[in-house]
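So in the working numbering, spot 31 of the sequence shown is number 49, and the numbers just go up one at a time.
Every residue gets a Cβ at the ideal spot worked out from N, C-alpha and C, and that includes glycine.
Here the structure is a predicted model, which means the values were calculated and not measured.
All remarks here apply to the structure that follows.
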Amino acid sequence: MLDLGIKKFERFRLPEEIIGEKIVLKRRAHEHDTALFALIDGSREILREFLFWVDDTQSVEDVKKVTDIFAKNWDECNSFEYVFLDRQSGKMVGAGGIHTVCYMNRMAEYGYYLDKDARGNGYASEFVQLMEKELFARGIHRLVIECDEKNAASAAVAQRNGFLFEGVLRDAKYAYGTYRNEMVFAKINGEDR
Numbered sequence: 019m020l021d022l023g024i025k026k027f028e029r030f031r032l033p034e035e036i037i038g039e040k041i042v043l044k045r046r047a048h049e050h051d052t053a054l055f056a057l058i059d060g061s062r063e064i065l066r067e068f069l070f071w072v073d074d075t076q077s078v079e080d081v082k083k084v085t086d087i088f089a090k091n092w093d094e095c096n097s098f099e100y101v102f103l104d105r106q107s108g109k110m111v112g113a114g115g116i117h118t119v120c121y122m123n124r125m126a127e128y129g130y131y132l133d134k135d136a137r138g139n140g141y142a143s144e145f146v147q148l149m150e151k152e153l154f155a156r157g158i159h160r161l162v163i164e165c166d167e168k169n170a171a172s173a174a175v176a177q178r179n180g181f182l183f184e185g186v187l188r189d190a191k192y193a194y195g196t197y198r199n200e201m202v203f204a205k206i207n208g209e210d211r
């Protein structure tokens, strides 16, 4: 076997519950499916502009199928999906997680969305900060947020949390009959911003 001198980076798990100042992150499970569908359905027009799976989410059953996929990925330590609960009210305000973990490159990529009425309260920023703390502590070197070039809110979350704009991936996504550009933001473990 060829030894390239690369130290193997061990897979890790994240906590199933993380408590922040404003939100509580809970591992996505079937107990959240009904509330999650209500959030998606109630915010459909806003979410679908940048989340191209929204049109395929037409029932609680559709949400359950995706929860099963996320559960399998969690168990295999490939991705970690949470629901966001307002810490005071317990109401579901969003969802998201670390959708890609590349252990070989010690890199992880975020994905997240909020209920239309939960925007502007700092929930997304707190989620980004809580995940950053957990991932950097486990040895992840690079964190990435990619978003549609027209998604100013997501770009603002990245920049507000010290992620550096690295550039635009041209025609990176195909949705609604057209190619769309994606902006890339990244943060390196140990970098001061």
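*Reduced DSSP category for Glu144 - H, G, I as helix; E, B as strand; rest coil*: As a working mapping, residue 144 is identified with position 126 in the sequence shown. Helix at Glu144.
*Say whether the segment 149 to 165 touches the segment 124 to 135, bearing in mind that this needs 3 or more beta-carbon pairs closer than 8 Å, one atom from each stretch.*
yes
_What does the alpha-carbon distance come out to for the pair Phe154 and Asn123?_
Numbered from 1 along the sequence shown, position 136 holds the residue referred to as residue 154. Numbered from 1 along the sequence shown, position 105 holds the residue referred to as residue 123. Each residue's alpha carbon lies about 13 Å from the other.
*Of all the options Asp80, Phe88, Gln76, Phe68, which has the alpha carbon lying nearest to the alpha carbon of Lys11?*
Residue 11 is absent from the structure shown; the chain starts at 19 and stops at 211.
*Anyone know if the C-beta pair for Phe183 and Met201 falls short of 8 Å?*
Looking up residue 183 in the sequence shown gives position 165. Looking up residue 201 in the sequence shown gives position 183. Yes, the Cβ-Cβ distance between Phe183 and Met201 is below 8 Å.
*For Tyr192, which residues from the same chain have a beta carbon less than 8 Å from its beta carbon, with the 5 sequence-adjacent residues on both sides left out?*
As a working note, residue 192 is residue 174 in the sequence shown. Same-chain partners within the cutoff: Arg198.
_Could you tell me the alpha carbon to alpha carbon distance between Gln106 and Lys40, rounded to whole angstroms?_
Position 88 of the sequence shown, counted from the first residue, corresponds to residue 106. Position 22 of the sequence shown, counted from the first residue, corresponds to residue 40. Between Gln106 and Lys40, the C-alpha separation is close to 8 Å.
*Using DSSP bridges, identify the partner residues of Ile163.*
Residue mapping note: residue 163 aligns to position 145 of the sequence shown, counting from 1. Answer is Phe203, bridged to Ile163.
*Name the DSSP beta bridge partners of Ala229, please?*
The structure shown has nothing for residue 229, since the chain only spans 19 to 211.
*asked:* Just to confirm the assignment, what range does the beta strand (DSSP E) spanning Phe183 have?
replied: Along the sequence shown, one-based indexing puts residue 183 at 165. 182 to 193 is the extent of the beta strand (DSSP E) around Phe183.
*Since Phe88 is in the alpha helix (DSSP H), which residue starts that stretch and which ends it?*
As a first step, residue 88 is located in the sequence shown; it is residue number 70 there, counting from the start. 78 to 93 is the span of the alpha helix (DSSP H), which, as asked, contains Phe88.
*Within this structure, are the beta carbons of Phe145 and Gly114 separated by less than 8 Å?*
Residue mapping note: residue 145 aligns to position 127 of the sequence shown, counting from 1. Residue mapping note: residue 114 aligns to position 96 of the sequence shown, counting from 1. Yes, they are a contact pair.
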